[in-house]
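Asker: Under the working numbering, the residue at position 54 of the sequence shown is numbered 59, and the numbers go up by one with no gaps.
Quick one: this structure, given as C-alpha cells, is what I'll be asking you about.
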Amino acid sequence: MGPHAPEGRNAAGRRGAPPVAAALGMSVALCIAGCAYQYDDGLAPLGRRDASAQASASASAAADASASASAAARDLAGRTRSQRGAATEAPFGQLLGGTALQAWADTVLPDDSGLSAGSDASAVWPDKAPYTMGIDTDPGPATLRFACRGIGLASVRVTADEAPLLDITFACNRAWSRAVVVPSSGHLEVQFSAAGDAASDVAYRLTRP
C-alpha cells in the first residue's frame with residue numbers, strides 16, 4: 006500500500022492542474038477583450054472618418070468665407086465713411102462727382118422711407134440746359150424727395166405725359182419732399198436747373214408707400 010500512495014498524490018495533483026490552467030486562460034482572454042473594448046484613438050469609426058473629414062473641411066471653408074465677408078464689409082464701410090466725409094467736408098461752392106456725389110445723395114436722401122422707385126444725382130449750371138432724369142414705375146401716389154448742394158438755388162420740374170405735376174424753386178443744403186401721382190403710363194420726367202448764377206449738385210429719390 007505504501008509504494009502506491011505517492012502515485013495517488015501525483016495523480017491527484019495532475020487531475021487538479023487543468024481547472025487552474027483553464028481559469029488562468031479565461032482571465033487572460035477577458036483582460037484582452039476588456040483592453041480591446043476600452044481602446045480609443047480619438048478618431049471617428051473607420052466607416053465614418055471620410056464623412057467626418059469632409060464635414061470638418063466644410064466647416065473650415067465656411068469659417069474662411071465668413072471671415073472674408075466680414076473683412077469685405079468692413080472695407081466697404083470704411084470706404085463709404087471716407088466718401089461721405091469727402092462729400093460733407095467739401096466747400097459748397099465745389100461741385101462733387103463720382104462716388105463723392107453719390108455719397109452726398111445717399112446721405113441727404115437716404116433709402117430709409119418706403120420703397121425706393123428710382124434715384125439719381127448730377128449737377129446743373131446757370132449757362133447750361135436743364136438736366137432731365139426719367140423714372141418708370143407703377144402708377145399711383147408717390148413722394149418725390151429732392152435736394153441741391155451749393156451756394157444758390159435750384160429748380161425742379163416734374164412732368165408726366167408732358168403735363169406738369171410739380172414746378173418749384175428751392176434752397177440748397179437741405180432735403181425737400183412733395184407728393185406726386187404717377188399716371189397710368191408709369192413714366193415721370195424730373196428736370197433740374199440752376200435758379201441763380203451758381204452751379205449746384207442736385208439729387209432726387211422717388212418713394213412709394
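Quick reminder that beta carbons are idealized off the backbone N, C-alpha and C, glycines included.
From a predicted model like this one, the values you see are computed outputs, not experimental measurements.
From the DSSP output, read off the bridge partner residues of Trp181.
Answerer: Phe151
Asker: Mapping DSSP to helix, strand and coil, what is Gln196?
Answerer: strand
Asker: Kindly indicate which three-state DSSP category Thr142 falls into: helix, strand or coil?
Answerer: Coil.
Asker: Can at least three beta-carbon pairs, one atom from the stretch 171-181 and one from the stretch 105-112, be found at a separation below 8 Å?
Answerer: no
Asker: Please classify Ser190 as buried or exposed, where buried requires at least 16 neighbouring CB atoms within 10 angstroms.
Answerer: exposed
Asker: Taking the beta carbon of Thr267 as the centre, do at least 16 other beta carbons fall within 10 Å, making it buried, or is it exposed?
Answerer: No answer is possible for residue 267: the residues shown for the chain start at 6 and end at 214.
Asker: Look at the alpha carbon of Ser205 and the alpha carbon of Ala165, and state the distance between them as a whole number of angstroms.
Answerer: 25 Å
Asker: Along the chain, where does the beta strand (DSSP E) containing Ala3 start, and where does it finish?
Answerer: This structure cannot settle anything about residue 3, because the visible part of the chain is limited to 6 through 214.
Asker: So what does DSSP say about Ser65, is it helix, strand or coil?
Answerer: Correct three-state label for Ser65: helix.
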